[in-house]
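Residue numbers (my numbering): 190 to 500.
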């Protein structure tokens, strides 16, 4: 079977085209992942959806196909943490230290992604040595090379495709809870609705730094997603009155120095603990975000005691 029928459905013309159903999206992505689709048809399908905008059913169907195709031997985790930001506005991945605090609290965290960009100074893969024992990271190119090739079609198109969103939804560790960052606010609802169609019950999405799940401490933050299967939109007030860009070329953060205490940067620490608090709240470690913030701050203070016990 070819991909042509699915391209015809979405590209037939004004008044005749329609979105793919969840099952049709599953079938189309299954063909793509199995290398049974002509590259011209793959490009046509992805770019039509790029122009029109994806639906939750399409994202859910594509994600279900990826999950069926890439049943990698990834250990189960408590928290799924995708990292697929393009990287143009990224600095040091402070969210990795936030993941460390969540792991320090006893939760298993699985980071996965691909975010290399020529302008990016530090990628997640560069700081693997800083990750604690409960935190693991798998780069996409080794986790699923076929998925990596589809993502890299961006270099040919000159545009991102919906597959970037699919990778955020993937959850290869089958974790019951997921956190996701987006750059464009409109994707928060899309991803929450797609997650609901996939049967996920707990998901937190924020407009994060550079598109990552990373909280800006001096800005209002709204938590979208699902909690116990119910859609949420919870407002969180700023943590800091310091006005500074989250990733400023004039304030480059030494991640290793910050973690080990050689660098003092209250704004960066607020970013780390604020991000960790949202992840801990998502895991229901505390009933409120405020209580999760207190917990994250205590974990930050005690981080070296934890390392000493593990040494």
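From the three backbone atoms N, C-alpha and C, an ideal C-beta is built for every residue, glycine too.
For residue j and residue i, the rounded distance between their alpha carbons
i	j	result
residue 390	residue 361	16 Å
residue 311	residue 448	15 Å
residue 399	residue 238	23 Å
residue 409	residue 229	43 Å
residue 197	residue 383	23 Å
residue 353	residue 487	35 Å
residue 491	residue 402	23 Å
residue 387	residue 315	33 Å
residue 378	residue 249	13 Å
residue 477	residue 444	28 Å
residue 304	residue 423	28 Å
residue 344	residue 330	15 Å
residue 211	residue 461	37 Å
residue 334	residue 295	31 Å
residue 214	residue 420	24 Å
residue 481	residue 203	49 Å
residue 483	residue 489	10 Å
residue 224	residue 245	24 Å
residue 397	residue 205	37 Å
residue 240	residue 473	38 Å
residue 418	residue 385	7 Å
residue 320	residue 293	10 Å
residue 364	residue 190	33 Å
residue 426	residue 471	17 Å
residue 200	residue 207	8 Å
residue 323	residue 440	29 Å
residue 404	residue 375	18 Å
Bounding residues of the beta strand (DSSP E) (the contiguous stretch that carries residue i)
i	result
residue 455	Not the beta strand (DSSP E): residue 455 falls in the alpha helix (DSSP H), residues 455-471.
residue 420	419-425
residue 205	Neither: residue 205 is in no beta strand (DSSP E) and is coded neither H nor E.
residue 410	410-416
Contacting residues, own chain, Cβ-Cβ under 7 Å from residue i (five flanking each side not counted)
i	result
residue 307	Caution applies to residue 307, whose pLDDT of 48 falls short of 50 and renders its modelled position unreliable; the value that the coordinates give is listed next. Once the five neighbours on either side are set aside, residue 307 has no close Cβ partner at all.
residue 217	192, 195, 209 and 234
residue 394	369, 371, 377, 380, 381, 413 and 414
residue 457	283, 442 and 447
residue 468	268, 287, 291 and 368
residue 317	326
6 Å CB neighbourhood of residue i in its chain, flanking five on each side removed
i	result
residue 367	269, 360 and 392
residue 465	287, 290, 291 and 485
residue 428	406, 459 and 463
residue 356	273
residue 219	254
residue 337	329 and 330
residue 349	343
First and last residue of the uninterrupted alpha helix (DSSP H) at residue i
i	result
residue 447	444-449
residue 232	228-241
residue 220	211-222
residue 244	Counting along the chain, residue 244 falls outside any alpha helix (DSSP H), and DSSP gives it neither H nor E.
residue 192	Counting along the chain, residue 192 falls outside any alpha helix (DSSP H), and DSSP gives it neither H nor E.
residue 485	478-490
Rounded distance between the beta-carbons of residue j and residue i, thought under 8 Å
i	j	result
residue 313	residue 285	6 Å
residue 251	residue 351	7 Å
residue 179	residue 332	The displayed coordinates of the chain run from 190 to 500. Any statement about residue 179 would go beyond what the structure contains.
residue 346	residue 232	7 Å
Cβ-heavy atom distance, residue i to the ligand MG, below 7 Å
i	result
residue 406	Looking at this structure, you won't find the ligand MG or any other ligand, since it has none at all.
For this session: Could you name each continuous beta strand (DSSP E) segment of 3 residues or more that falls completely within the segment 255-322, going from the start of the chain to the end?
Result: With a minimum length of 3 residues, the continuous beta strand (DSSP E) runs that stay inside the segment 255-322 are 268-272 and 298-302.
Problem set entry | Contained alpha helix (DSSP H) runs [length at least 4] in the segment 315-403, N- to C-terminal order | Listed in chain order, the complete alpha helix (DSSP H) runs (minimum 4 residues) inside the segment 315-403 are 329-332, 334-340, 343-346, 352-358 and 375-386.
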